[in-house]
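Colleague:
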Amino acid sequence: MADHSKNIVYLVTGANRGIGLAVIYLLAARPNTTVLATARSLPTDDDNNQSSVFSSIVCHESSSLIPILLDETKPAISSSTLPARLSSAGIEHINIVIANAGTATNGFKSVFDTTEEDYRNDFEVNTLGPIRLFKGIHGLLEKGAEVSGQESKFVVVGSSVGSTGGLVTAEGEMEGGMLVCGSYGLSKAGVQWWVMKLRAELKGKGGEGKVVVGVVHPGWVKTEMGQGLADAVGFRAGPPLGVEESATGVVEQVDKLTMENSGQFWRWDGGVLPW
4 MADHSKNIVY LVTGANRGIG LAVIYLLAAR PNTTVLATAR SLPTDDDNNQ
54 SSVFSSIVCH ESSSLIPILL DETKPAISSS TLPARLSSAG IEHINIVIAN
104 AGTATNGFKS VFDTTEEDYR NDFEVNTLGP IRLFKGIHGL LEKGAEVSGQ
154 ESKFVVVGSS VGSTGGLVTA EGEMEGGMLV CGSYGLSKAG VQWWVMKLRA
204 ELKGKGGEGK VVVGVVHPGW VKTEMGQGLA DAVGFRAGPP LGVEESATGV
254 VEQVDKLTME NSGQFWRWDG GVLPW
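Per my numbering, the sequence shown runs over residues 4 to 278.
(1) I think Ala250 touches Leu29, with their Cβ atoms under 8 Å apart; what is that distance to the nearest whole Å?
(2) Enumerate in chain order the residues of its own chain whose CB-to-CB distance from Gly175 is below 8 Å, with the five nearest sequence positions on each side excluded.
(3) Any contact of the stretch 79-88 with the stretch 115-126, i.e. 3+ C-beta pairs under 8 Å?
(4) Verify whether the separation of the beta carbon atoms of Asp234 and Ser186 is less than 7 Å.
(5) How many Å lie between Ile97 and Tyr13 at the Cα?
(6) Where do the ends of the alpha helix (DSSP H) carrying Ala235 lie?
(7) I need the straight-line Cα distance from Ile134 to Leu68, nearest angstrom please.
(8) Taking 7 Å as the threshold (C-beta atoms), are Pro34 and Ser65 in contact?
(9) List the endpoints of the continuous alpha helix (DSSP H) containing Lys191.
(10) Within the present structure, is the beta-carbon of Val164 separated from the nearest heavy atom of the ligand HEM by less than 6 Å?
(11) DSSP three-state call for Arg135: helix, strand or coil?
(12) Measure the beta-carbon distance from Val298 to Ala40 and round it to whole angstroms, keeping in mind my assumption that it falls under 8 Å.
(13) Identify which residue in Lys208, Lys191, Glu255, Gly245 has its Cα closest to the Cα of Gly105.
(14) Leu260 by DSSP, collapsed to three states: which one?
(15) In angstroms, rounded to a whole number, what distance separates the CA positions of Ser91 and His7?
(16) Quick one: what's got a C-beta closer than 7 Å to Leu244's C-beta in the same chain, skipping five residues either side?
(17) Looking at Lys156: is its Cβ nearer than 7 Å to the Cβ of Leu72?
(18) Using beta-carbon positions only, say whether Val218 and Val198 come within less than 7 Å of one another.
(19) Tell me the rounded alpha-carbon separation between Val236 and Ser163.
(20) Could you give the uninterrupted runs of the beta strand (DSSP E) lying entirely in the stretch 26-85, keeping only those of 3 residues or more?
(21) Pick out whichever of Asn10, Asp272, Asp258 has its Cα sitting closest to the Cα of Ile101.
(22) Does DSSP put Val114 in a helix, in a strand, or in coil?
(23) Rounded to whole angstroms, what is the Cα-Cα separation between Glu154 and Ile11?
Structural data, given as C-alpha cells:
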C-alpha cells in the first residue's frame, strides 16, 4: 500500500491515451511513487469499477495510480477543485506535474484557413489549460518542495511548431514554417511564452528552491494527433517517433530539469530548440 505522504507525487494530464498514457506506465513502475492520472473522462471496467484505460498498468508495490477526472468546462471537476478533491484522497502535496493534455480541435490548417473558433478552441486547452492547472495546484507544488526538500516541477509538453525561432530556421525537418499549424502552433507558442514568464516571476519572487517550470517538445509522435498532422501535409510515411520512445524521453528530460537549465526549450532527446 502506497504512503502518499512519503511518496513522490506526479500529476499527469491527458493521461488516458497517447504520450500521456505511456508516461503513466513508466511512472507507475517506479518505487515510492503516487501517480495522479487525469483525463476529462475515464470509462470504467464494469467488473471491478476501475478505469479500463489503466487496467493493464502494473504499479510498483510501494506505488499507486489514482485516476482523476479533470475538465475545465465542468466547475465540479476543474483545476480549482483539485486541492480539495486530492485532500479527500489523502494527498496533500504534489512534486511533479507533466501538463501533457493538448488538442488540435479542428485539424491542422494554414493561417489563411484557420477560423477564429479554431484559435479559441485550441487556446482553451493548450494555453489556458496549463495556466488554470498551475493556479489550481501551485500551493500543492510548494508543499511538495517542503516535504521532499527538493524543487517541485511543473513541466508543459510543448511543441516545436510553437517555436517562433523555428519559423525562420530551415533544418530539413517537417517542422516550423513548413507546417499547417495555425491555431495549434499559436496556442503552443502562447503557453511556452507563459512558462518562461512564469519562470522569471518565480525567480523574482524568491521562488527558487520551491518550483521549477519548463517546456519539453515530445517529437513528432505516432499518435492520433501526430497522424493528423502527417495527413495534413501529405507525409505518407507518417510520424517518425514511437509513443514509448517519446514518453521515455519526456520523462528523462523532466528528471533532469533544474532551475539552472529550465530556461532552455528541451527536446525529448536532450536537444535544444529555439524559442
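Just so it is clear, CB atoms sit at the ideal spot from N, CA and C, and this is done for glycine as well.
Modeller: In this structure, then:
(1) 6 Å
(2) Because Gly175 sits at a pLDDT of 46, beneath the cut-off of 50, its placement in the model cannot be relied upon, and the point is left open.
(3) no
(4) no
(5) 6 Å
(6) 227-236
(7) 24 Å
(8) yes
(9) 185-207
(10) As for the ligand HEM, it is missing from this structure, which has no ligand bound.
(11) helix
(12) The structure shown has nothing for residue 298, since the chain only spans 4 to 278.
(13) Lys191
(14) coil
(15) 12 Å
(16) Gly222, Trp223, Val224, Lys225
(17) no
(18) yes
(19) 16 Å
(20) 36-42, 67-72
(21) Asp258
(22) coil
(23) 12 Å
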